[in-house]
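In the numbering used here, the protein residues as written are 25 to 481.
C-beta atoms are modelled at their ideal positions from N, C-alpha and C, and glycine is treated no differently.
Have a look at the structure below before the remarks.
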Amino acid sequence: MDDRTVDRTVTGTGLTQTLAARARAVRYDELSSETRQLARQCLLDYVAVTLAGAVEPVTAMVLAEMAAQAGAPHATVFLHGGKLPALSAALVNGTAAHALDYDDVNLAMPGHPSVAMLPALLALAEETHASGADLIAAFVAGYELQCRAGQLVAPTHYDHGFHATGTVGAFGAAAACAHLLGLDTEGTAHALGIAATQAAGLRSLFGTMGKPFHAGKAAANGLLAARLAKRGFTARPDVLECDQGFARTHSVDFNPERALASPPLGLYLRGNLFKYHAACYLTHATIEAARQLKAEHAIAPAQVRSVRIRVDRGCAGVCNIAEPRTGLEAKFSLRFTLALALAGADTSALAAFSDDVTRDAGLNRLRDVVTVEFASGWPLTRAEVEIALADGRVVTAGYDAGVPAADVGEQGRRLEEKFTALVAPLLGADRTDILRDSIARLDQIEDVGELINLCVR
């Protein structure tokens, strides 16, 4: 590495252009079979959570507003059917995808990568009759760029209250759509600039309808950015690194060397984490540790005298709602999700997080004997759970939910079970099987629209 390269790496000069060039260079034929498999798994999970989230009140509200605006019918609204302008469909489907907080995660952002990109990509792919292979390549291009953008401003971007799914996710959507539209490096860089000036999303909205709206806005903003860039709309092609650009205004940290470094597992996509509990991902380690203790020691709720959860301090502003009153708030409560686990509730089931469940006296008794302690310097996804029992025993367990699956094939089987559980009640068993099989052969599909046609009742 020569001195000029070192200087550019440290100062960030040309960073936006470099990342744009890398995104543009992604080619389907050069992707490994595992990478393609992971992309299909992300799509499988996205379709499942979007269909399930399409019946949520927040989706109905956004759909009603976008339908009232009317416009050219280019892209399908999941589950409901009918078509809207691509930007409107991306907004509605993106909101639905994140409505249940059951979608995938990547800690490099940190946030929810697929729901920020796939609503935009699928709307654009349907409108342009893109192939499944083109969709995969564009998805990988956007995925890697958004994780690198996240690394650029980590950790204080998130720590200071920005929801990276809405902010960083907009870059992923813009890069993915720019790839699908065939933009060159300069056009992609301008798309990133257009996305940057729209990027928004506040963590203070967690536990409200504003959080899933962030995903819809990221998708729509990224799609709009790429489409405008395609028309020749210009912005700052150095927006990530320039003075008063994204990094300088949205974070105390500025880490171009991290943004350009090789991911630990080769691609950031390999570090994708899927949810198997229908709650905030930072509650998952607590749920798993509690489930382990319940199974190992045959713990009944009546035996529990007190519980101590120990997690990283970063969880305090994310999932520490002490007394949730709604199912949505319950998804962001370490105390309540632990109570569900100790009570033997199926936390993969959507019904576990209803408003009625939060009023259950037995669950609230368990919730109220739980205390949460915060440590510094822990992995954000690690939890330790200590349970004091009525017979004097004290049992402990730890779990880290931030470790990617070692067996991608087994991960796929778990995702198929989740897909069936979420989709079959909505589309029926036969349509669910057909849709799942269509996603499995995504690479061979010549027009993504034929797959999207299966995503309606």
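Neighbourhood of THR209 by C-beta, 6 Å cutoff - its chain only, sequence neighbours within 5 removed: Along the sequence shown, one-based indexing puts residue 209 at 185. Cβ neighbours of THR209 beyond the five flanking positions: ALA44, ALA45 and ARG48.
Collapsed DSSP secondary structure at GLU265 in the structure displayed: As a position in the sequence shown, residue 265 is number 241, starting the count at 1. DSSP places GLU265 in coil when its eight states are reduced to three.
The stretch 83-98 contacting the stretch 452-467, beta-carbon criterion three pairs below 8 Å: no
Counted within 10 angstroms of its Cβ, other Cβ atoms place SER286 as buried (16 or more) or exposed: As a working note, residue 286 is residue 262 in the sequence shown. By the 10 Å Cβ count, SER286 comes out exposed.
Bridge partner(s) assigned by DSSP for GLU410: On the sequence shown, position 386 is the one that residue 410 refers to. Partner(s): ARG332 and THR420.
Opposing strand residues paired with PHE186 [DSSP bridges]: One-based indexing of the sequence shown puts residue 186 at position 162. Partner(s): LEU226.
Top-ranked residue by Cα proximity to LYS235, from ALA399, CYS201, GLY436 and ALA188: Here residue 235 refers to the residue found at position 211 when the sequence shown is read from its first residue. Of ALA399, CYS201, GLY436 and ALA188, the residue nearest in Cα terms is ALA188.
Same chain, Cβ closer than 7 Å to PRO93, neighbours up to 5 away in sequence not counted: For this step, residue 93 is matched to residue 69 along the sequence shown. According to the sequence provided, residue 93 is Gln. The question's Pro does not apply to it. Hits under 7 Å: SER112.
Limits of the unbroken alpha helix (DSSP H) element including ALA369: The residue given as residue 369 occupies position 345 in the sequence shown. Premise fails: ALA369 is in no alpha helix (DSSP H) and is neither H nor E.
8 Å Cβ cutoff met for TYR70 and ALA302: Start at 1 with the first residue of the sequence shown, and residue 70 comes out as number 46. Start at 1 with the first residue of the sequence shown, and residue 302 comes out as number 278. Going by C-beta atoms, TYR70 is not nearer than 8 Å to ALA302.
Extent of the continuous alpha helix (DSSP H) run through GLU151: What you label residue 151 is simply residue 127 of the sequence shown in a count that begins at 1. Its alpha helix (DSSP H) spans residues 137-152.
Opposing strand residues paired with GLU89 [DSSP bridges]: Numbered from its first residue, the sequence shown carries residue 89 at position 65. Its beta-bridge partners do not exist; DSSP assigns none.
Residue environment, THR74, which counts as buried when at least 16 other CB atoms sit within 10 Å: Your numbering for residue 74 matches position 50 in the sequence shown. Classification for THR74: buried.
Span separating the alpha-carbon of ALA243 from that of ASP415: Residue mapping note: residue 243 aligns to position 219 of the sequence shown, counting from 1. Residue mapping note: residue 415 aligns to position 391 of the sequence shown, counting from 1. The straight-line gap from Cα to Cα measures roughly 53 Å.
CB contact flag (CYS171, TYR292, <8 Å): By one-based count along the sequence shown, residue 171 stands at place 147. By one-based count along the sequence shown, residue 292 stands at place 268. Contact: yes.
Same chain, Cβ closer than 7 Å to ASP26, five either side skipped, listed in chain order: The residue labelled residue 26 in the question sits at position 2 within the sequence shown. Any reading at ASP26 needs caution, since the residue's pLDDT is 35, under 50, leaving its predicted position unreliable; the model's value is listed next. Correct list: empty, nothing qualifies.
Identity of the residue in ALA149, ALA271 and THR221 nearest ALA202 by Cα: The sequence position of residue 202 within the sequence shown is 178, counting from 1. Ranking ALA149, ALA271 and THR221 by Cα distance to ALA202 puts ALA149 first.
The stretch 304-316 in contact with the stretch 400-416 per 3-pair CB rule at 8 Å: yes
Buried/exposed call for ALA319, threshold 16 Cβ in 10 Å: Residue numbering aside, residue 319 sits at position 295 when the sequence shown is read from its first letter. So ALA319 counts as exposed.
DSSP state of SER400 mapped onto helix, strand, coil: Taking the first residue of the sequence shown as 1, we reach residue 400 at position 376. Correct three-state label for SER400: coil.
CB contact flag (ILE463, ARG64, <8 Å): Within the sequence shown, the letter at position 439 stands for residue 463. Within the sequence shown, the letter at position 40 stands for residue 64. Closer than 8 Å, so yes.
Beta carbon of VAL11 nearer than 8 Å to that of ALA215: There is simply no residue 11 to check, as the chain begins at 25 and stops at 481 in what is shown.
GLU470 versus GLY105 - alpha carbon distance: What you label residue 470 is simply residue 446 of the sequence shown in a count that begins at 1. What you label residue 105 is simply residue 81 of the sequence shown in a count that begins at 1. Distance between the alpha carbons of GLU470 and GLY105: 21 Å.
Rounded C-alpha distance that separates ARG465 from ARG438: Here residue 465 is taken as the residue at index 441 of the sequence shown, counted from 1. Here residue 438 is taken as the residue at index 414 of the sequence shown, counted from 1. Whole-angstrom Cα-Cα distance: 18 Å.
Beta-carbon spacing of GLY196, PRO143 below 8 Å: Numbered from 1 along the sequence shown, position 172 holds the residue referred to as residue 196. Numbered from 1 along the sequence shown, position 119 holds the residue referred to as residue 143. Not in contact: GLY196 and PRO143 (Cβ atoms no closer than 8 Å).
Residue environment, ASP158, which counts as buried when at least 16 other CB atoms sit within 10 Å: What you label residue 158 is simply residue 134 of the sequence shown in a count that begins at 1. Buried.
As assigned by DSSP and simplified to three states, the class of LYS299: One-based indexing of the sequence shown puts residue 299 at position 275. Here LYS299 sits in coil by DSSP.
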